[in-house]
Amino acid sequence: MPEVVVENVHKSFGALEVLKGVSLSVGRGEVFALIGRSGSGKSTLLRCMNGLEKINSGKIEIAGHALGGDAKALRKLRTDVGIVFQSYNLFPHLTVGENIMLAPRIVKDVAKTKAREVAREVLHLVGLSEKFDSYPDQLSGGQQQRVAIARSLAMRPKVMLFDEVTSALDPELTEEVLTVMENLARDGMTMILVTHEMGFARRVATQTIFMHKGRIWEQGPSAALFADPETPELRQFVKSDVK
Amino acid sequence: MSYTFQFGVLAQYQDQILSGIWLTIKISVLSIILGCAAGIGLASVRSIWGGAVRFLVDAYVEIIRNTPFLVQLFIVYFGLPGLGLRVGADTAALIGMTINLAAYSTEIIRAGIEAVHKSQIEAGEALGFTRFQIYRHVIIVPAIAKVYPALCSQFVLMMLASSICSAISTQELAASAAFVESQTYRSFEIYIAVTLIYLVLALALRAVLAVVGMWLFGRRVARRTMTALPEVQA
Amino acid sequence: MTLKTFGLDQFGFLLFSLQWTILLTVIALIGGGLLGFAVALARTSQLKPVRIAAATYIQIIQGIPVLMILFLSYYGLSLAGFELPPLFAAGASMTVYASGYLAEIWRGSIQAVPKQQWEASESLAMTRLQQYRYVILPQAMRISLPPTVGFAVQVVKNTSITSIIGFVELARAGQLINNATFQPFRVFLAVAALYFVVCYPLSQLSRLLERRLHAGSSR
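Residue numbers (the numbering used here), protein chains in the order written: chain E, 3 to 245; chain X, 91 to 324; chain U, 505 to 723.
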């Protein structure tokens with residue numbers, strides 16, 4: 003039973019069709035990397051998976067929930083699907099601890115002491131135990147992104163989505179975030195990530211999907227895909243990325 | 091409640107209303123032109139001369155902006171005669187409105203001037219402009235273009251506030267409404283009608299200011315003028 | 505009648521009337537705040553008709569003189585059969601006036617909170633109400649504080665307009681004293697000075713908050 007199923011999804015912004023019939027299936031504990039040029043539709047696909055973008059046609063099932071229900075069904079889905087953004091999007095008026103505790107407290111009605119316990123645990127997981135009482139603007143970009151990951155984890159998601167989470171970071175800060183993600187993958191989290199980090203995709207992702215012009219252009223086990231691209235587009239893309 | 095609205099009675103007082111509208115437009119347009127010109131002048135001398143001049147201009151701006159327009163009118167209309175300056179109600183209204191608007195315009199344009207980047211002034215120097223040319227083309231004109239929508243909102247607020255001049259017996263629109271009310275006792279009808287007239291005047295003034303803005307500064311500024319709501323400033 | 509001059513007694517009367525000015529300001533800010541908050545929420549609603557209705561309300565209030573709002577409340581209330589003291593008409597009109605402007609200030613503040621904050625909180629399965637309550641409004645409040653304090657200055661000044669329907673606040677008290685003393689220049693300067701004493705600190709506070717908002721952290 004796969005954790006994520008996407009079937010023939012179409013999505014347009016006005017006259018521009020950005021997803022032209024995309025299908026994929028992600029098993030439990032698998033890590034999928036979505037790569038491709040900007041405008042290839044990979045971020046849109048990811049955002050469709052938790053309902054931030056509405057699809058025009060097709061079907062998406064994720065963590066046992068089908069997309070397309072009412073607002074309540076969508077919230078139910080989102081308690082099981084975490085997402086981390088490129089720009090961290092921490093709540094600036096709350097401390098790190100409050101950021102993490104907020105959703106479990108008000109969405110899942112977790113008691114305060116329990117929520118605090120969970121917050122400490124996930125913060126430890128991302129290596130920032132000592133930052134519990136700091137405010138987001140007192141942290142580096144890399145630290146903020148790790149807090150954002152912890153905030154998602156506190157909801158105990160079954161699937162985690164990562165939308166170019168290291169694109170805004172310096173190389174050395176990128177590394178600390180990728181390490182956290184690698185640990186998550188090793189612990190068996192089902193993950194889908196849109197990324198520009200080819201090395202990371204090759205090393206950590208079980209499958210890599212190359213998207214081009216709104217379609218899945220090429221897909222396969224990461225090592226094989228990177229070693230031996232079939233299409234000239236992917237070959238070009240991989241080559242241009244090697245610096 | 092058995093009140094029947096009778097807007098019909100108002101028709102026979104058309105002339106009073108029209109003359110009220112005309113005076114409202116006249117004192118509004120004149121005070122906008124004079125107040126804005128004074129604002130440009132005061133904001134300029136303030137930034138060029140600095141020192142005591144700046145202090146005096148700032149004091150003037152703060153005093154006007156932190157006291158009610160109505161009280162300013164009282165001082166002009168009732169107070170000045172005591173100092174030997176007797177002015178009619180229309181003139182007093184125009185003086186009060188100009189003094190008030192000049193202070194707000196100065197403040198808005200000052201903010202625009204301070205938003206002009208040093209690099210642009212240096213670019214002007216590099217191009218061999220004289221100081222006056224730099225001041226005019228690089229500082230004042232871009233500054234006003236930048237704050238034009240805020241200025242226009244202030245102009246509209248001033249036109250609406252001109253209704254307060256009825257308190258010193260200036261026979262503008264609100265005063266003619268009071269006159270018709272005293273003749274007919276159809277108070278609610280007359281004030282609804284006059285409120286609508288003010289609403290139309292406000293929209294019309296905004297449209298005219300947008301056209302002027304397009305003519306002076308181009309399309310982009312004009313569009314912001316139409317959509318900008320009054321900026322509330324301390 | 506003895507010919508009075510503007511002295512301590514008269515100044516005391518001005519000070520006493522200043523209390524009514526302040527009370528009226530407080531009524532306007534509380535009443536207008538509640539109404540304005542509802543309109544601001546309607547203005548940022550997901551339902552288009554609600555948004556349009558709120559926008560129309562704001563445009564109308566900001567497109568008509570405060571004096572007309574006052575007259576319409578005054579005559580409207582008496583037309584509806586209420587024989588009320590001027591305080592009610594004054595309070596009602598100041599409330600309506602303040603609501604139109606506060607709604608617009610707060611709409612701007614709500615929309616100044618980055619879109620990503622909506623997305624992040626939505627992705628954490630919060631309801632729209634929870635998003636407002638825990639994420640958006642606390643941030644919007646910080647942004648709205650300087651212009652709200654600035655608007656309070658406008659309210660203090662505009663309460664003077666209620667003197668026109670005979671409500672005895674500071675400006676009306678000045679007129680009454682002037683009628684008895686015939687020293688308009690002195691009397692109205694004193695009135696203006698009292699307004700200034702209330703308004704100037706508020707103006708400066710608004711500026712201070714503004715500067716701190718831009719210089720300081722986003723907290």
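Yeah, the Cβ is synthetic: ideal placement off N, Cα and C, and Gly gets one too.
Select from the options the residue whose C-alpha is nearest the C-alpha of residue i.
i: Pro-589 of chain U; options: U:Ile-669, U:His-718, U:Leu-706, U:Gly-516; result: U:Ile-669
i: Ser-118 of chain X; options: X:Ala-292, X:Ile-199, X:Ala-257, X:Ile-107; result: X:Ala-292
i: Lys-215 of chain E; options: E:Leu-47, E:Ala-156, E:Gly-70, E:Thr-181; result: E:Leu-47
i: Val-99 of chain X; options: X:Phe-278, X:Arg-314, X:Trp-112; result: X:Phe-278
i: Gly-31 of chain E; options: E:Lys-241, E:Gln-145, E:Thr-192, E:Ala-207; result: E:Thr-192
i: Ile-261 of chain E; options: E:Ser-14, E:Pro-173, E:Thr-115, E:Leu-21; result: The first residue shown for chain E is 3 and the last is 245, placing residue 261 of chain E beyond what the model contains.
i: Phe-87 of chain E; options: E:Gly-60, E:Ser-14, E:Asp-72, E:Arg-153; result: E:Arg-153
i: Gln-221 of chain E; options: E:Phe-34, E:Ala-17, E:Thr-176, E:Pro-138; result: E:Phe-34
i: Gly-70 of chain E; options: E:Lys-56, E:Gly-29, E:Arg-80; result: E:Lys-56
i: Gly-303 of chain X; options: X:Ala-312, X:Ala-127, X:Arg-200; result: X:Ala-312
i: Pro-138 of chain E; options: E:Asp-72, E:Arg-118, E:Ser-89, E:Met-157; result: E:Ser-89
i: Gln-523 of chain U; options: U:Gly-540, U:Glu-673, U:Leu-706; result: U:Glu-673
i: Ser-667 of chain U; options: U:Val-570, U:Ala-694, U:Arg-547, U:Arg-555; result: U:Val-570
i: Phe-517 of chain U; options: U:Gln-708, U:Leu-717, U:Arg-676; result: U:Arg-676
i: Asn-682 of chain U; options: X:Gln-106, X:Ile-111, X:Val-147, X:Gly-172; result: X:Gly-172
i: Leu-706 of chain U; options: X:Thr-157, X:Cys-126, X:Phe-245; result: X:Thr-157
Taking Cβ to Cβ, would you say residue i is nearer than 7 Å to residue j?
i: Ala-193 of chain X; j: Ile-130 of chain X; result: no
i: Gln-162 of chain X; j: Gly-140 of chain X; result: no
i: Leu-227 of chain E; j: Thr-210 of chain E; result: yes
i: Gln-620 of chain U; j: Asn-91 of chain E; result: yes
i: Met-3 of chain E; j: Leu-163 of chain E; result: no
i: Gly-595 of chain U; j: Leu-289 of chain X; result: no
i: Ile-203 of chain X; j: Ala-182 of chain X; result: no
i: Gly-536 of chain U; j: Ala-602 of chain U; result: yes
i: Ile-211 of chain X; j: Val-228 of chain X; result: yes
i: Val-179 of chain E; j: Gln-147 of chain E; result: yes
i: Ala-105 of chain E; j: Met-157 of chain E; result: yes
i: Phe-212 of chain E; j: Ile-37 of chain E; result: yes
i: Ile-199 of chain X; j: Ala-133 of chain X; result: yes
i: Thr-509 of chain U; j: Thr-685 of chain U; result: yes
Between which two residues does the alpha helix (DSSP H) carrying residue i extend?
i: Leu-263 of chain X; result: 263-274
i: Ala-656 of chain U; result: 641-662
i: Ser-27 of chain E; result: Unbroken run through Ser-27 of chain E is the beta strand (DSSP E), 18-28; no alpha helix (DSSP H).
i: Met-193 of chain E; result: Met-193 of chain E -> not in any alpha helix (DSSP H); beta strand (DSSP E) instead, spanning 192-196.
Does residue i have its Cβ less than 7 Å from a Cβ in chain U?
i: His-95 of chain E; result: yes
i: Val-164 of chain X; result: The amino acid occupying residue 164 of chain X in the given sequence is Phe; Val does not appear at that position. Answer yes: the Cβ-Cβ gap between Phe-164 of chain X and chain U drops below 7 Å somewhere.
i: Ala-170 of chain E; result: no
i: Val-322 of chain X; result: Below a pLDDT of 50, predicted positions are generally treated as unreliable, and Val-322 of chain X, at 43, falls in that range; the measurement from the model is reported next regardless. Yes - at least one Cβ of chain U is within 7 Å of the one on Val-322 of chain X.
i: Ala-105 of chain E; result: yes
i: Asn-58 of chain E; result: no
i: Arg-80 of chain E; result: yes
i: Lys-245 of chain E; result: A caution first: Lys-245 of chain E carries a pLDDT of 44, below 50, which makes its placement in the model unreliable, though a value can still be read off. No, Lys-245 of chain E does not count as interfacial toward chain U.
i: Asn-101 of chain E; result: no
i: Thr-285 of chain X; result: yes
Is any beta-carbon of chain E found at less than 7 Å from that of residue i?
i: Gln-643 of chain U; result: yes
i: Tyr-638 of chain U; result: yes
i: Ala-616 of chain U; result: no
Could you round the C-beta distance between residue i and residue j to whole angstroms and report it? I think they count as a contact, below 8 Å.
i: Ala-532 of chain U; j: Met-598 of chain U; result: 4 Å
i: Ser-45 of chain E; j: Glu-166 of chain E; result: 7 Å
i: Phe-168 of chain X; j: Pro-688 of chain U; result: 4 Å
i: Trp-610 of chain U; j: Ala-544 of chain U; result: 4 Å
i: Val-128 of chain E; j: Leu-141 of chain E; result: Going by Cβ atoms, the distance from Val-128 of chain E to Leu-141 of chain E rounds to 11 Å, so no, they are not a contact pair.
i: Met-248 of chain X; j: Ile-115 of chain X; result: No, Met-248 of chain X and Ile-115 of chain X are not in contact; Cβ-Cβ is about 12 Å, not under 8 Å.
i: Ala-65 of chain E; j: Glu-5 of chain E; result: 6 Å
i: Ile-280 of chain X; j: Glu-271 of chain X; result: 5 Å
For the beta strand (DSSP E) that residue i lies in, which residues bound it at each end?
i: Met-162 of chain E; result: 161-165
i: Ser-259 of chain X; result: Note, Ser-259 of chain X: premise wrong, no beta strand (DSSP E); not H, not E.
i: Ile-62 of chain E; result: 59-64
i: Leu-533 of chain U; result: Here Leu-533 of chain U belongs to no beta strand (DSSP E); instead the alpha helix (DSSP H) covers 512-547.
i: Thr-456 of chain U; result: Outside the shown range of chain U, which is 505 to 723, sits residue 456 of chain U, and nothing can be said about it.
i: Gly-726 of chain U; result: Given that chain U is displayed from residue 505 to residue 723, the structure contains no residue 726 of chain U and the question cannot be resolved.
i: Val-11 of chain E; result: 6-15
Quick one: is residue i near chain X, going by C-beta distance under 7 Å?
i: Thr-506 of chain U; result: With a pLDDT of 49 at Thr-506 of chain U, under the threshold of 50, the modelled position of this residue cannot be trusted, and the question is left open.
i: Phe-517 of chain U; result: no
i: Gly-604 of chain U; result: no
i: Val-572 of chain U; result: The sequence shown places Met at residue 572 of chain U, rather than the Val named in the question. Chain X contact via Cβ: present.
Compare the C-beta of residue i with all C-beta atoms of chain B and state if any pair is closer than 7 Å.
i: Pro-553 of chain U; result: This model lacks chain B altogether; the protein chains it does include are E, X and U.
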